[in-house]
Amino acid sequence: MISETSQSDPENDRSNSLSEQVLRSGFDVVTGVPDSPLAALASSLERTPERYFPGTREDACVAWAAGAQLAGRTPLVFMKSAGFANCLDSLTSLVEVYRIPMVLLISWAGHAGRDVPHHNVIGEPLEALLDALGIPVRTARMDDPRAVGDALATALLLSRERRGAAVVLGIPEGLAAA
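Note that the sequence shown ends on residue 178 in the numbering used here; no numbers are left out.
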């Protein structure tokens, strides 16, 4: 268990559950750039500095995770969907070219065009973009930690099998899978 939480604080209980699901899914180190849907996860992970290495740019997180993978660790990289554009070069020219297994958890701002315009620009075509790159995608509702954990475990198997990236797109609370 990553941390103890009070039963009176449902937000911490939920983040604890998501952080537990990340570890149960097989990841032993985590890096990423948090946004609102992932802030509770980052906050929970901060309590375990030996497992969590916060980043300031998504491309640097992908590069760090590639090194961690090559050193025998099992990293997870998390980010918001707008940050995916920041890591596209690192993902394609490092992870995919050198066949490094890696899982990304992306909070899907702009899912189905139901967000602010600047999130919709990358959010609407994100799944099709990943498909065009040949990167397998799983989706899960961010308000269901077990579903996210299951999707992460599947993505980890896919990334190892194909020796490249796999992505879990986290659908924001209140929206159903498209």
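Cβ coordinates follow ideal geometry from the N, Cα and C atoms, glycine included. For clarity, every value in this text was computed on a predicted model and none was experimentally measured.
Taking C-alpha positions only, Ala40 is separated from Glu58 by approximately 18 Å.
Here the C-alpha atom of Ser90 lies approximately 26 Å from the C-alpha atom of Thr48.
Under the three-state reduction of DSSP output, Phe27 falls in the coil class, being neither helix nor strand. Proximity to Trp108 across Gly123, Glu96, Ala42, Pro101 peaks at Gly123, based on C-alpha coordinates.
DSSP places Pro54 inside the beta strand (DSSP E), whose first and last residues are 52-54. Straight-line spacing of the CA atoms in Val77 and Leu104 works out to 5 Å. In this chain, the alpha helix (DSSP H) harbouring Ala82 covers 81-90. Each residue's CA atom was taken as its position, placing Leu158 and Val167 some 9 Å apart. Taking 7 Å as the cut-off, the Cβ atoms of Leu169 and Ile100 do not count as close. Per DSSP, the continuous beta strand (DSSP E) segment holding Ser107 begins and ends at 102-107. As the crow flies, the alpha-carbon of Ser25 is around 16 Å from that of Arg141. Residues Ala42 of the same chain have their beta carbon placed closer than 6 Å to that of Pro34, with the five preceding and five following residues left out of the count. Per DSSP, the unbroken beta strand (DSSP E) holding Thr139 starts and ends at 137-141. Buried is the label assigned to Gly55, since at least 16 other Cβ atoms lie within 10 Å of its Cβ. With 16 or more other Cβ atoms inside 10 Å of its own Cβ, Val148 counts as buried.
Between Ser93 and Leu126, the C-beta spacing is not below 7 Å. When the five nearest sequence neighbours on each side are left out, the beta carbons in the same chain lying within less than 8 Å of the beta carbon of Glu173 are those of Pro37, Arg141, Met142, Asp143, in order along the chain.
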